[in-house]
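All residue numbers for the sequence shown refer to the numbering used here, where the first residue is 23 and numbers rise by one.
Heads up: the structure comes next, in structure tokens.
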Amino acid sequence: MNQPVTVQITSKEPPVSEAMPESLEPRCSECHASLTREQLKAALEVCPHCGHHFPLNAVERVAQLADPGTWREVGGDLQPSDPLDFYDSRAYVDRLAEAQLETGLSEAMLAGVCRLGGRRVALGVMDFRFLGGSMGSVVGERFSQLVAAAIDEAVPLVVVTASGGARMQEGILSLMQMAKTVVALDMLADHSLPFISVLTHPTTGGVLASFATLADVMLAEPGALLLFAGPRVIEQTTREKLPPGFGRSESSLVHGQIDLVVQRRDLKRQIAQLLALLEGGVRCDIEPIRPDSEVVPRGSGSLAQAVARAKKLALTSRGWLFGRDQQDRDPT
Ligand SMILES: [Zn+2]
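Rendered as structure tokens:
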């Protein structure tokens with residue numbers, strides 16, 4: 023007779039949010055240097071002493087990436103609901119109301135169409151402060167509407183992720199968002215439009231396992247934790263000590279999971295340059311892409327190589343190529 027198998031998680035991951043409390047004298051959690059709010063703001067919430075990247079909220083991120091005055095929100099009218107009438111230690115509706123009050127956002131993703139470095143893009147930004155950036159029905163629907171907007175306007179998609187994964191208070195409905203976002207991205211690919219993913223600390227669970235890692239080009243901020251489950255849970259389950267830096271951006275780069283680790287101060291410029299390369303609008307030192315040429319592996323270096331790899335994969339898998347003029351695209 024089969025014995026039931028029980029997987030026991032003995033302790034939870036510590037909270038990963040480490041945004042600076044407004045009321046306290048800021049201190050770097052990495053190098054413990056005393057910082058002023060002004061210093062941090064000037065450095066885009068990056069420690070000027072050790073380079074540690076503190077979390078940015080969605081509004082700050084949009085302000086950093088979008089050209090001023092160009093943001094038009096998509097899916098802003100969507101409001102979360104509580105279809106399961108869910109209650110754990112507190113009612114889900116109370117958690118939602120508190121998150122909305124604290125963040126000023128209606129949900130964990132802000133979506134819109136804007137210009138970035140002069141180019142029009144569909145931009146989605148997740149906010150970890152909103153219930154751990156978890157993906158519920160509204161995040162999935164907003165993502166899908168953002169993809170639809172990108173297709174309507176024939177613009178690339180850029181999404182900045184920060185998420186603890188699926189939103190357990192919405193049960194199976196939150197898990198369904200994984201499939202929904204993947205289908206949306208398939209439609210984007212069918213329209214020959216590129217997707218750039220920017221993974222920030224932390225990007226985990228169902229978001230990492232769905233749209234976040236399906237991009238043509240994947241960038242990450244330094245030191246970001248990019249794992250399905252947290253290191254402590256993995257160690258307890260496998261009973262093995264993980265190597266230092268396991269699951270961080272730098273390790274993901276070395277192992278070919280992502281294309282580039284980008285400092286926050288360089289992020290907008292790098293994305294703008296990527297968009298230009300993908301559109302074929304600037305000269306770059308890459309070989310012409312041929313269907314029989316070798317795929318450039320992720321993690322192998324330059325921006326141009328990342329684009330070459332994305333173009334090559336696009337050619338071999340779907341037969342489309344970025345950088346054609348709009349009228350040259352197959353209208354179907
Ligand atoms: Zn520091």
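Glycine included, every Cβ here is placed at the ideal spot set by N, Cα and C.
Since this is a predicted model, take the numbers as computed values, not measurements.
Ligand 1 heavy atom lying under 7 Å from the CB of Glu-52
For the purposes of this step, residue 52 is identified with residue 30 of the sequence shown, where counting begins at 1. At least one heavy atom of ligand 1 is nearer than 7 Å to the Cβ of Glu-52, so yes.
According to DSSP, residues forming a beta bridge with Glu-21
The question about residue 21 has no answer, for the chain in this structure spans 23 to 354.
Which whole-angstrom value describes the C-beta separation of His-71 and Ala-55, a residue pair presumed to lie in contact below a C-beta threshold of 8 Å?
Against the sequence shown, residue 71 aligns to sequence position 49. Against the sequence shown, residue 55 aligns to sequence position 33. Taking a contact as a CB-CB distance under 8 Å, the pair His-71 and Ala-55 counts as one, their CB atoms being some 4 Å apart.
Helix, strand or coil: how does DSSP classify Ser-196 here?
Residue 196 sits at position 174 when you count from the first residue of the sequence shown. The answer is helix: DSSP assigns Ser-196 an H, G or I state.
Stretch-stretch touch, CB-based, cutoff 8 Å, three pairs: the stretch 124-140 with the stretch 86-101:
Judged by Cβ distances under 8 Å, the stretch 124-140 makes contact with the stretch 86-101, as three or more pairs qualify.
Tell me, please, which residues DSSP counts as bridged to Thr-225.
In the sequence shown, counting from the first residue as 1, residue 225 sits at position 203. Beta-bridge pairing links Thr-225 to Ser-185, Leu-248.
Three-pair Cβ contact test at 8 Å for the stretch 147-163 versus the stretch 193-211
Yes, they touch.
Evaluate Glu-262 with the Cβ neighbour count: other Cβ atoms within 10 Å of its Cβ, from every protein chain shown; 16 or more gives buried, anything less gives exposed.
Numbered from 1 along the sequence shown, position 240 holds the residue referred to as residue 262. Result: exposed.
Does the stretch 221-235 come close enough to the stretch 202-210 to have 3 or more Cβ pairs within less than 8 Å?
Flag = yes, the stretch 221-235 and the stretch 202-210 touch.
Mind checking whether the beta-carbon of His-223 lies closer than 7 Å to any heavy atom of ligand 1?
Here residue 223 refers to the residue found at position 201 when the sequence shown is read from its first residue. No, the Cβ of His-223 stays beyond 7 Å of every heavy atom of ligand 1.
Identify the continuous beta strand (DSSP E) that holds Leu-145 and give its terminal residues.
Sequence index remark: in the sequence shown, residue 145 carries index 123 (1-based). Its beta strand (DSSP E) spans residues 141-148.
Would you check if the distance between the CB atom of Leu-66 and the CB atom of Pro-48 is smaller than 8 Å?
The residue labelled residue 66 in the question sits at position 44 within the sequence shown. The residue labelled residue 48 in the question sits at position 26 within the sequence shown. Between Leu-66 and Pro-48, the gap from beta carbon to beta carbon reaches 8 Å or more.
First and last residue of the alpha helix (DSSP H) that includes Leu-299?
Start at 1 with the first residue of the sequence shown, and residue 299 comes out as number 277. Run containing Leu-299: 286-301, per the alpha helix (DSSP H) assignment.
Going by DSSP, what residue range makes up the alpha helix (DSSP H) through Ala-242?
Start at 1 with the first residue of the sequence shown, and residue 242 comes out as number 220. Membership of Ala-242 in any alpha helix (DSSP H) is not indicated; the residue belongs instead to the beta strand (DSSP E) covering 239-242.
Tell me which same chain residues have a C-beta within less than 8 Å of the C-beta of Gln-86, skipping the five on either side of it?
In the sequence shown, residue 86 corresponds to position 64, counting from 1. Cβ neighbours of Gln-86 beyond the five flanking positions: Leu-66, Leu-78, Arg-286, Leu-289, Lys-290.
So what's Val-283 in DSSP terms, helix, strand or just coil?
In the sequence shown, the residue the question calls residue 283 occupies position 261. In the structure shown, Val-283 falls within a strand segment according to DSSP collapsed to helix, strand and coil.
Nearest residue (CA-CA) to Asp-238, options Pro-224, Leu-207, Pro-265
Position 216 of the sequence shown holds residue 238. In this structure, Leu-207 is the residue among Pro-224, Leu-207, Pro-265 with its C-alpha nearest to the C-alpha of Asp-238.
Cβ distance (whole Å) where Val-182 is taken to contact Thr-222 below 8 Å:
Mapped onto the sequence shown, residue 182 falls at position 160. Mapped onto the sequence shown, residue 222 falls at position 200. About 6 Å; that satisfies the 8 Å criterion.
Could you tell me if the beta carbon of His-71 falls within a distance shorter than 7 Å of some heavy atom in ligand 1?
Position 49 of the sequence shown, counted from the start, is the residue given in the question as residue 71. At least one heavy atom of ligand 1 sits closer than 7 Å to the Cβ of His-71.
Per DSSP, Met-157 is paired with what?
Working through the sequence shown from its first residue, we reach residue 157 at position 135. Note: Met-157 sits in a beta bridge opposite Ala-188.
Given the structure, does His-75 come close to ligand 1, in the sense that its CB is under 7 Å from one of the ligand's heavy atoms?
Taking the first residue of the sequence shown as position 1, residue 75 is located at position 53. For His-75, the CB stays at least 7 Å from every heavy atom of ligand 1.
Less than 7 Å separating the Cβ of Ala-55 from some heavy atom of ligand 1?
For the purposes of this step, residue 55 is taken as the residue at position 33 of the sequence shown. Distances from the CB of Ala-55 to the heavy atoms of ligand 1 include at least one below 7 Å.
Determine which residues share a DSSP beta bridge with Ile-218 and list them.
Here residue 218 refers to the residue found at position 196 of the sequence shown. Ile-218 is bridged to Val-180, Val-239.
Among Gly-252, Gly-267, Cys-53, Arg-117, nearest to Gly-73 - alpha-carbon criterion
Position 51 of the sequence shown, counted from the first residue, corresponds to residue 73. It is Cys-53 whose Cα lies nearest to the Cα of Gly-73.
Whether Leu-248 touches Ala-242 by CB criterion (8 Å):
Numbered from 1 along the sequence shown, position 226 holds the residue referred to as residue 248. Numbered from 1 along the sequence shown, position 220 holds the residue referred to as residue 242. Contact flag set, yes.
Taking the alpha-carbon positions, what's the Gly-146 to Ser-219 distance?
Residue numbering aside, residue 146 sits at position 124 when the sequence shown is read from its first letter. Residue numbering aside, residue 219 sits at position 197 when the sequence shown is read from its first letter. Roughly 10 Å between the two C-alpha positions.
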